[in-house]
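Take 1 as the starting number for the sequence shown in the numbering used here and just add one per residue. To start, the structure under review is shown below, and the notes come after it.
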Amino acid sequence: MIVVNDGSTDNTREVLAAYKSHPQVRVIHKENGKLPRALNTGFEAARGRYLTWTSTDNYMHPHMLTPSLDKPVLMLRESTERPEAVTARAARLVGTDEQRIIGEVQRLLHDADHYNVMASWIIIALDSPQPSSSVCRWCIMRSTLSATKGPPDDNPSSF
């Protein structure tokens, strides 16, 4: 976890000092530069394949993010108890019709774009106990962020 203290004027620095030696927390203190600069600072420091963010006033349930298998998933059924996988396009309900199953497998084998879209999504669990308070409903792949150069530092209104 990376925490970017973007010029807080309260006791944030003191609170974060308690995490200085925690092996899974990296704290970065910087002058206030507005949200896009804070995001870019955190994204640049991140090492993971998937990136996301939240603010101090947002609630994030511990089980909110469920990683995908990095492979497309075809569900041989008509319905699922995990619809968020289908919503996130990481899985597809194809039923049990033999021709439809064959067609979906063929599409994955021969359409690289379709395969890559399904393989690259992270599943966002929308079934947290307080989904209305969960602001983080998306993740972005590092490669996508790198290709687009991240949010513009000088355009805070884009967030």
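Just so you know, even glycine gets a beta-carbon here, dropped at the ideal spot from N, CA and C.
Nearest by alpha-carbon distance to residue i: which of the options is it?
i, options, result
"Arg92", "Ser79, Asp6, Asn40", "Ser79"
"Leu76", "Gly95, Thr87, Arg13", "Gly95"
"His114", "Asp10, Leu74, Leu35, Arg47", "Leu74"
What does the Cβ neighbour count give for residue i, buried or exposed, with the cut at 16 atoms within 10 Å?
i, result
"Gly103", "exposed"
"Pro72", "buried"
"Val4", "buried"
"Ala38", "buried"
"Val15", "exposed"
"Ala17", "exposed"
Return yes when the C-beta of residue i is under 7 Å from any heavy atom of the ligand MN, and no when it is not.
i, result
"Gly48", "Of ligands this structure carries none, so the ligand MN is not represented either."
Among the residues of its own chain, which have a CB less than 8 Å from the CB of residue i, if the five just before and after it don't count?
i, result
"Gly7", "Lys30, Glu31, Asn32, Gly33"
"Arg13", "Asn5, His29"
By Cβ distance, which residues of its chain are closer than 7 Å to residue i, with the 5 residues on each side in sequence left out?
i, result
"Ala45", "Ile2, Arg26, Ile28"
"Ser55", "none"
"Gln99", "none"
"Tyr19", "Val25, Val27"
Leaving out the 5 sequence neighbours to the left and right, which residues in its chain are closer than 6 Å to residue i when beta-carbon positions are compared?
i, result
"Ala112", "none"
* To do: Return the chain-ordered ranges of every alpha helix (DSSP H) run that is complete within the stretch 4 to 46 and spans a minimum of 4 residues.
  => Every alpha helix (DSSP H) stretch that sits fully inside the stretch 4 to 46 and reaches 4 residues is listed by chain position as 12 to 17, 34 to 45.
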